[in-house]
Amino acid sequence: MLETAMPETAAIIDHATALFEDLNFGAARDWKAAVPGRKVVGYLPIYVPRELIHAAGMLPLGIVGGGDQLEVIHGDAYYQSYICRIPRSTIELGVSGRLDFVDAMLFPSICDVMRNLSGMWKLMFPQVYTRYFDVPQNYRDDIGGNYYVNELAELRHELGALRGAPITDAELNLSIDAYNENRRLVNELYGYRIAQPWQVPAAEVYLLMRAGLVLPVDEHSAMLRDYLAAARRTARPRRDNCRIVLTGVFCEQPPLNLIKSLELSGCYVVDDDLLLVTRWLTADVPTGGDPLRNLALAFLHHSESTAAKYEPSQKEKGQHLVRAVRRSNAEGVIFASPSFCDPALLDRPMLQHVLSAAGVPYVAFKYAENSGQMQPIREQAGTFADSIKLWSEQ
Amino acid sequence: MNATTAAPKAPGKDAEKDASMQKQKAMMAAHYDRLTDAPQSGAKVCSTFVPGNLNELIACFGLLNNLPEVNAIQNGLRRTSGQFVLEAEKIGHSEDVCTYVKSDIGMMAKGNLAPNGRKFPDPDVLLLSYTGCFTFMKWFELLREQFDCETIMLHTPYMADGRITPNMLEYMVKQLKEEVIPKLERVSGVKFDIDQLRERLKKSAQAEEDLVHVLQTARNRPSPIDAYFGGIYYIGPIFGAFRGTDDAVEYYRFLRAEVDARLAAGLGPVTPEGDLGKERYRLVVEGPPNYTNFRQFWKMFYDEGAVVVASSYTKVGGVYDFGFRHDPDKPLETLAEYCLSVYTNRNLPMRIDMLVNYLEDYAADGLLINSIKSCNSFSAGQLLMMREIEKRSGKPAAFIESDLVDPRYFSAANIKNRLESYFQMIEQRRAGARSAA
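Here it is in structure tokens:
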């Protein structure tokens, strides 16, 4: 069980929990119904430039599968047993009508399963504008940058066509500003957790980030502000936990209970790669000049590293994880990978070699979004935490 | 099986091969010798992948290409891949991921020996022509970790909307001009000669023309070829190290003459146990084969008189049967178009269109999907593809599962049962059609 939240934060977390548990996306439906003509654009992990959707006056809706509360009936008929769970529960969401209010879907370039799901969506939901969102794996401004600017321009054009009016630079710059502000607040929350992880349990941070997938950006920013203020007002008990970075969880989500179990087994999560879309860009995007160029350059030079991105330099491979460990004063890394997740599982041995060379201990396990049995994970994480404590005492 | 089942052929000790197969085998052996001779000959080696391989360009720099998937296939056929996969898992690779990768990693851990028993040279450069499969990117990062050599990334955008856009082409040509070619010049010490590239591309187009002719002979009844099991031999040179060479031109000319002769004589395909005999079922197959039990797998088909008349797997290294040929008049653009249009870089609707087209064009009885456990690029979405294709073509489809090079996932009894049921289903459809008529 999660430690009972403080009264002031409890109401915020209750709201975030309700959003998290609502597999009918009631908040997004209400947003759409409030004003005739509004449109909702769904997107899958890891990253899409939500600024473009927002600038079109549409609601970006993050879809990260069905979690452990969705009974997958139809979805399993579309996938063999050796394919991860997120596509089958996403299909379930679609086939069961839970996404019937969504006007467009974006499938980012992350792996072959997500890529092929974009084609399946085209076939299964032909009335929905569906786009595979390709991003460059070449990071030169004049090569990958130009390509990406043109891809963004095409998306901008098509979203403009969907709403019936082109998206202007002024609209786009306002949206960039709104997301800059949102990322600053997300980073502030992550920074606060690094400083005092007992004040912001991992499950609460996660629920707050999940809320950012379904709320309009300004509402989400307000929620973060309120939470930070409330969390700072009251002290919570500090435990003798070790500090870990959680990695590999960038696509299919672990069950909330898994995140809670890590802390219950003695690990403070001080950094993670959950829901990276909320902090993919690591610096503010300029709000002057060509907004598409600004978004493209931010992607090329100021974005997170993850398994779905090519790392051109062998020396740099895995260093983002070492930096995350150092930046957050972590004592170890937990690799949690979804079963059958090619990017996470193929990357893992390379990252483990880098951590070994840097003297950072780690442990690894797999999960599915509907994993129900947490005892083995608690035992593994607990043993890992104990071993870190023992080493640090030496 | 029902009463019309053909009697099984007696298993032969040595597989029968036609002359083109022998020739192809000799070509592959010679290439492996060139590779393993590299430390003595001074030749430099470029590791790259089959889909979207830039063989003509690589050859312009005097580099020898080494194809990790082909090495994994060779290990599958020689039944050594199983131990290599286990070795890779022992050193930390997940049981869930691509077995080509693990076979390769395991092979390197166990001495990195080529099929000729001699050690593979370390690559001088890794050219990641990244198309159609996400795993390639991680595989090359793993190889780079092992060899710490120059790595070149050529990113091929996915044909998600069924078309090649000017933005995609421009992106790729720019990568070729400003990243790939300068780095290949640096590694090889050879200046790029675009006229040499044009000459090689001319040879590619010539071989492609003959390959398409050969594959399309399967439109005839009986088909003189098996376009899946036999097709794998036919694609070897052009998908591998030979596209753009005189050897490839000569091989495909030879193959074409051989197949035309079989066609003229009214013969069916050659199987490992001789001529097929009566052609009873004509199938289109989607997905790669299993290599660890390749002959046993094939036998399940030819024992029943089943011929594969078209397959998607024989398009992974290039789709030529809808008109594309390497074009020497636009050498870099043509390489880009080639990379963009390989089978696994096509979206699902395109793949479905292609297979429906094959079912009609080749007068097939139905579709068979061999779903590969460790290949998400092919496998994710195949169940929907099957339904769509059945719906659109009105022809029956069947689904079997195996793996590329991991013998743990080849269950002969299960596959045979499913195939037998499938052939029965085709018979019933035929009987139904006859009685309706």
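So the protein sequences, as listed, match chains A and B. Numbered per the working numbering, the first sequence spans residues 1428 to 1821. Numbered per the working numbering, the second sequence spans residues 29 to 465. For glycine and all other residues, C-beta sits at the position ideal for the given N, C-alpha and C.
Taking DSSP as the reference, what is the three-state secondary structure of residue i?
| i | result |
| --- | --- |
| Leu155 of chain B | strand |
| Ala1734 of chain A | coil |
| Met382 of chain B | helix |
| Gln1791 of chain A | For the sequence presented, residue 1791 of chain A should be read as Ala rather than Gln. The answer is strand: DSSP assigns Ala1791 of chain A an E or B state. |
| Arg1652 of chain A | helix |
| Tyr1619 of chain A | helix |
| Arg1558 of chain A | strand |
| Tyr309 of chain B | strand |
| Leu396 of chain B | strand |
| Glu1598 of chain A | helix |
| Ile1671 of chain A | strand |
| Asp223 of chain B | helix |
| Ala71 of chain B | coil |
| Pro1624 of chain A | helix |
| Gly302 of chain B | strand |
| Met1399 of chain A | A question about residue 1399 of chain A goes unanswered here, because the residues of chain A that appear run from 1428 up to 1821. |
| Tyr1509 of chain A | coil |
| Thr1661 of chain A | coil |
Using the rule of at least 16 other Cβ atoms within 10 Å of the residue's Cβ for burial, across every protein chain shown, is residue i buried or exposed?
| i | result |
| --- | --- |
| Ser69 of chain B | exposed |
| Ile222 of chain B | exposed |
| Asn1614 of chain A | exposed |
| Phe1452 of chain A | buried |
| Phe267 of chain B | buried |
| Lys147 of chain B | exposed |
| Pro1463 of chain A | exposed |
| Asp42 of chain B | exposed |
| Glu314 of chain B | buried |
| Gly1572 of chain A | buried |
| Asn1756 of chain A | exposed |
| Leu411 of chain B | buried |
| Asn445 of chain B | exposed |
| Asn442 of chain B | exposed |
| Leu1782 of chain A | buried |
| Ser1508 of chain A | exposed |
Applying a beta-carbon distance threshold of less than 7 Å, which residues of chain B neighbour residue i?
| i | result |
| --- | --- |
| Phe1767 of chain A | Asp124 |
Mind pulling the chain A residues with CB within less than 8 Å of residue i?
| i | result |
| --- | --- |
| Ser407 of chain B | Gln1507, Tyr1509, Ile1510 |
| Val195 of chain B | Residue identity check: residue 195 of chain B is Asn in the sequence provided, not Val. Here the neighbours are Tyr1574, Asn1577, Glu1578, Glu1581. |
| Glu173 of chain B | Gln1741, Lys1744, Met1777, His1780 |
Can you check which of these residues, the options, is closest to residue i by C-alpha distance?
| i | options | result |
| --- | --- | --- |
| Pro1472 of chain A | A:Thr1705, A:Tyr1575, A:Ala1757 | A:Thr1705 |
| Ile1439 of chain A | A:Gly1639, A:Asp1503, A:Ile1570 | A:Gly1639 |
| Met328 of chain B | B:Tyr199, B:Thr299, B:Asn404 | B:Thr299 |
| Tyr279 of chain B | B:Leu239, B:Gln456, B:Ser430, B:Ser75 | B:Leu239 |
| Glu44 of chain B | B:Val384, B:Gly258, B:Glu314, B:Arg353 | B:Gly258 |
| Leu81 of chain B | B:Lys72, B:Met181, B:Val129 | One point to set straight first is that residue 81 of chain B is Asn, not Leu, in the sequence displayed. Asn81 of chain B has its Cα closest to that of B:Met181, out of B:Lys72, B:Met181, B:Val129. |
| Tyr1619 of chain A | A:Tyr1695, A:Asp1596, A:Cys1511 | A:Tyr1695 |
| Asn1721 of chain A | A:Gly1464, A:Ser1545, A:Ala1812, A:Ala1580 | A:Ala1580 |
| Met1532 of chain A | A:Gln1496, A:Tyr1575, A:Glu1585 | A:Glu1585 |
| Thr1517 of chain A | A:Gly1469, A:Pro1765, A:Asp1530 | A:Gly1469 |
| Pro1739 of chain A | A:Gln1564, A:Val1467, A:Met1541 | A:Gln1564 |
| Glu115 of chain B | B:Val129, B:Leu304, B:Pro317, B:Arg271 | B:Val129 |
| Asn1543 of chain A | B:Ser407, B:Asn318, B:Lys138, B:Glu236 | B:Ser407 |
| Phe1447 of chain A | A:Leu1497, A:Thr1436, A:Thr1595 | A:Leu1497 |
| Arg1775 of chain A | B:Ile86, B:Glu117, B:Ala246 | B:Glu117 |
Check the Cβ of residue i against every Cβ in chain A and list those closer than 7 Å, keeping chain order.
| i | result |
| --- | --- |
| Met181 of chain B | Gln1564, Asn1565, Tyr1737, Pro1739 |
| Ser399 of chain B | Gln1507 |
So which residues on chain B does residue i lean against when the C-beta distance must stay under 9 Å?
| i | result |
| --- | --- |
| Ala1723 of chain A | Simply none; closest approach about 13 Å. |
| Ala1545 of chain A | Looking at the sequence shown, residue 1545 of chain A is not Ala but Ser. Correct list: Tyr186, Ala188, Asn375, Leu376. |
Which chain A residues are close to residue i, counting only those with a beta carbon under 9 Å from its beta carbon?
| i | result |
| --- | --- |
| Val129 of chain B | Leu1773 |
| His121 of chain B | Leu1772, Leu1773, Arg1775, Pro1776 |
| Asp176 of chain B | Gln1741 |
Taking a cut of 7 Å between CB atoms, which residues from the region 362-392 of chain B lie near chain A? Asn375, Leu376, Pro377
Could you list the residues in the region 221-247 of chain B with a C-beta less than 9 Å from some C-beta on chain A, going in chain order? none
Proximal residues, the region 155-171 of chain B versus chain A, C-beta separation under 9 Å: Leu156, Tyr158, Gly160, Cys161, Phe162, Thr163, Met165, Lys166, Trp167, Phe168, Glu169, Leu170
Scan the region 1525-1542 of chain A for residues whose Cβ lies nearer than 9 Å to a Cβ of chain B and list them as they occur along the chain. Phe1534, Ser1536, Ile1537, Cys1538, Asp1539, Val1540, Met1541, Arg1542
Anything in the region 1550-1561 of chain A with a Cβ closer than 8 Å to a Cβ of chain B? List those residues in chain order, please. Leu1550, Met1551, Arg1558, Tyr1559, Asp1561
Using Cβ-Cβ distances below 8 Å, what residues of the region 199-210 of chain B are close to chain A? Tyr199, Lys202, Gln203, Glu206, Glu207
When Cβ atoms are compared, which residues of the region 407-438 of chain B fall closer than 8 Å to chain A? Ser407, Ala408, Gly409, Gln410, Leu411, Leu412, Glu416, Glu429
The region 1460-1482 of chain A: which residues have C-beta closer than 9 Å to a C-beta of chain B, in chain order? none
With 9 Å as the C-beta to C-beta threshold (strictly closer), list the residues of the region 1798-1813 of chain A near chain B in chain order. none
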